[in-house]
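See below for the structure under consideration.
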Amino acid sequence: MDGINESVVSEFALLGLSSSWETKIFLMVIFSLTYLGIILGNLFIVFLVIFDSHLHSPMYFLLANLSLIDVGLSSTTVPKMIADLPKEYKVVSFQGCMTQICFIHIIGGVEMVLLTAMAFDWYTAICKPLHYLKIMNPKICVSFVITGWVTGVIHAMSQYAFIINLPFCGPNKIDSFYCDFPRIIKLACTDGAKFEFIVTANSGFMTIGTFFLLILSYIFVLITVWKRSSGDLSKAFVTLSAHITVVVLFFTPCMFLYVWPFPTSSIDKYLFIVDFAITPVLNPAIYTLRNKDIKVAIKRWSKWGHCVRFC
């Protein structure tokens, strides 16, 4: 924590998304509705998985955890972004900025592990159906979640330990609506080349590794379905297309920012709206509208609610 005490800069100024008042109001309404959808949609999935015994399976256990993580990831940035939009001067304290960075990378790391675990679940269900329950037992599912949190903490702290000791004594303007390692390093009063390499090696390797592991699992699933269905991949493509779309949307901003040494550009902040707002609000729609079990569970709870009210 000595780095905090030695830094002259006590707060950072966020430039935000727009300087136009009309655009600010429009974005404030859009993101408020989006954040409300993220909270209600994802917590509804968690509620269904917890209270509907028909959904007590490995796939839905991982889905419920993913929904909680989506809420957490959005909550690290979106509420402050909404609150800052009407303000002319948007500031965040040094400690608040560092805390936000830590939570973003911890939760982002957990999400990557959970997406990998869900891909492994799909692979096991399709490619090894007779051994599915033995492989995806409760201990393995809990282990995936624990591994996700451990990985997220290590991933974030391994970068934070270096960045926190950087001296900040001059510029304090961040051309974004949130704090992140690349932009903070650019403001440090020292040569940040080696620190840029650390972030690129850490976050970039994790992003690329997870992305290709997911794509590889989808390829194996499609090959297995193709062999078993005499070349008919239509149903498999319908099932996996939405999931692949979300994975691509989630990883594209991360690869754009972390995979090669930055400079950062103003495009980054718009790309990361996808991770913080678009993907979390899409996940509930994808997993409810395209999932038969979830739709049946919703109907079951609707009938129960109707009976409680009128019976």
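Position 9 of the sequence shown, counted from 1, bears residue number 9 in UniProt numbering, the numbering being contiguous throughout. Glycine included, every Cβ here is placed at the ideal spot set by N, Cα and C.
ask   = In angstroms, rounded to a whole number, what distance separates the CA positions of Glu88 and Gly170?
value = 21 Å
ask   = What residues match up with Ser93 in a beta bridge as DSSP calls it?
value = Glu11
task = Please check the pair Val274 and Thr34, which I expect to be a contact at CB under 8 Å, by giving their CB distance rounded to whole angstroms.
result = Rounded to the nearest angstrom, the Cβ distance from Val274 to Thr34 is 11 Å, too far for a contact under 8 Å.
query = Quick one: is Val153 near chain C, going by C-beta distance under 8 Å?
reply = The chain labelled as chain C is not found in the depicted structure, where only one protein chain is given.
inquiry  = Which runs of the beta strand (DSSP E) at least 3 residues long sit entirely within the segment 96-177? Give them in chain order.
reply    = none
query = Among residues of its own chain, excluding the 5 on either side of Gly109, which ones have a beta-carbon nearer than 6 Å to its beta-carbon?
reply = Thr151, Gly152, His155
query = Does the distance from the C-beta atom of Ile50 to that of Val71 stay below 8 Å?
reply = Their beta carbons are not under 8 Å apart, which means Ile50 does not touch Val71 by this criterion.
request  = Tell me whether the beta-carbon of Thr124 lies closer than 8 Å to the beta-carbon of Met136.
outcome  = For Thr124 and Met136, yes; Cβs fall inside 8 Å.
task = Closer than 6 Å by C-beta to Ser203: which residues in its own chain qualify, once you throw out the five before and the five after it? Chain order, please.
result = Tyr258
query = Just checking, does the segment 43-58 make contact with the segment 83-100 on the three C-beta pairs under 8 Å criterion?
reply = no
query = With DSSP run on the structure shown, which of helix, strand or coil describes Thr77?
reply = coil
message = Using a Cβ distance threshold of 8 Å, determine whether the segment 184-198 contacts the segment 115-122, with at least three qualifying pairs required.
response = With a cut-off of 8 Å on Cβ pairs, the segment 184-198 is not in contact with the segment 115-122, counting fewer than three such pairs.
inquiry  = Assuming Ala193 is part of the alpha helix (DSSP H), what are its boundary residues?
reply    = Element bounds for Ala193: 193-199.
Endpoints, alpha helix (DSSP H) assigned at Pro182 = 181-187
Cβ-based neighbour list, Met255, same chain, cut-off 6 Å, excluding 5 preceding and 5 following = Thr207
Extent of the continuous alpha helix (DSSP H) to which Ile215 belongs = Where Ile215 is concerned, the enclosing alpha helix (DSSP H) stretches over 205-228.
request  = For the alpha helix (DSSP H) containing Asn42, list its first residue and its last residue.
outcome  = 21-51
key: Cα-Cα separation between Phe181 and Lys269, rounded to whole angstroms   = 13 Å
key: Range of the contiguous alpha helix (DSSP H) that encloses Leu271   = 267-273
task = Taking only the alpha-carbon atoms, compute the straight-line gap between Ala64 and Val8 and give it to the nearest angstrom.
result = 43 Å
DSSP state of Ser241 mapped onto helix, strand, coil = helix
inquiry  = If I measure Cβ to Cβ from Glu111 and keep anything under 6 Å in the same chain, skipping five residues before and after, which residues do I get?
reply    = Excluding residues up to 5 positions away in sequence, Ile69 lie with their Cβ nearer than 6 Å to the Cβ of Glu111 in the same chain.
Lys299 - DSSP class collapsed to helix/strand/coil = helix
ask   = Relative to the C-alpha of Ser74, which residue among Ser32, Pro167, Ile25 is closest?
value = Ser32
ask   = Are three or more beta carbon pairs between the segment 161-175 and the segment 77-84 nearer than 8 Å?
value = no
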